[in-house]
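In UniProt numbering, the protein residues as written are 1 to 180.
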C-alpha cells in the first residue's frame, strides 16, 4: 500500500525556504530538497518543474506578503516617518527571510524568456513599493509628488537593508533631505 503524504507542497516550500537561508542558491537542488523532506525527487517534480520554479513561487508569495504587511501596518499610522520606517523594516525582514540568494544571480539562471518575465515581476514589485512610499508622503505639504524620489528611497532601502548595523534612524536624515 502506497504511503499517503499530506501537505507535501507546503513541506517542499518550507524546506526550500529554510535552505535559502542556509545555502547559496547554486547549492540547492531538487534532490537535496527531496532528501530533507523525506520524499523522492520524483514527488517534488509532481509539484514543481525545477528549483527555479520553487524559488520563484516562494519569492512571489513573499513579495505579496510584504506588500500586505506594509499596507496593514501603515493603515494604523498617519506619521510619514513611521510609515517609511515600516517599509524599511519590512524590506529588511523580506531580504533576510528570502533573499539570502543573490537575486541577480538567481535571475541569471533563467532562460531568456523566463529571465525577462521574472525581471518584470521584480520591476513591478519595486514599483509597488515605490507607490507605498508615495502613499506615505502624498499628504505632506512639503512633498512635490516626485515619483523618482520615491523610487530612489526604495533603492536606498533595498541597498541598506542588508547591512544589519544600519538602522532606519541612520538613513532618516538623508531621506529627509531627499523629500524636502
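We put the CB at the ideal spot given by N, CA and C, even for glycine.
- Membership of residue 77 in any alpha helix (DSSP H) is not indicated, and neither H nor E is assigned to it by DSSP.
- Of the candidates 179, 164 and 158, the residue whose Cα lies closest to the Cα of residue 148 is 179.
- Its chain contains 137 and 179 as the residues whose beta carbon lies nearer than 7 Å to that of residue 143, once the 5 sequence neighbours on both sides are disregarded; these appear in chain order.
- Nearest neighbour of residue 87 by Cα position, chosen from 97, 22 and 67, turns out to be 67.
- Cα atoms of residue 168 and residue 22: separation of roughly 26 Å, rounded to the nearest angstrom.
- The three-state reading of DSSP puts residue 141 in coil, since its state is none of H, G, I, E or B.
- Contact between the segment 33-42 and the segment 6-18 is established, with three or more Cβ pairs separated by less than 8 Å.
- By a beta-carbon distance limit of 8 Å, residue 51 contacts residue 28. Their separation comes to about 6 Å.
- Per DSSP, the unbroken alpha helix (DSSP H) holding residue 171 starts and ends at 168-179.
- Between residue 175 and residue 84, the C-beta gap is smaller than 8 Å, which places the two residues in contact.
- DSSP places residue 24 in no alpha helix (DSSP H); its state is neither H nor E.
- Under the three-state reduction of DSSP, residue 39 is assigned to coil, being neither helix nor strand.
- Spanning the alpha carbons of residue 171 and residue 126 requires a straight line of approximately 19 Å.
- Closest in C-alpha terms to residue 94, from the list 119, 74 and 129, comes 129.
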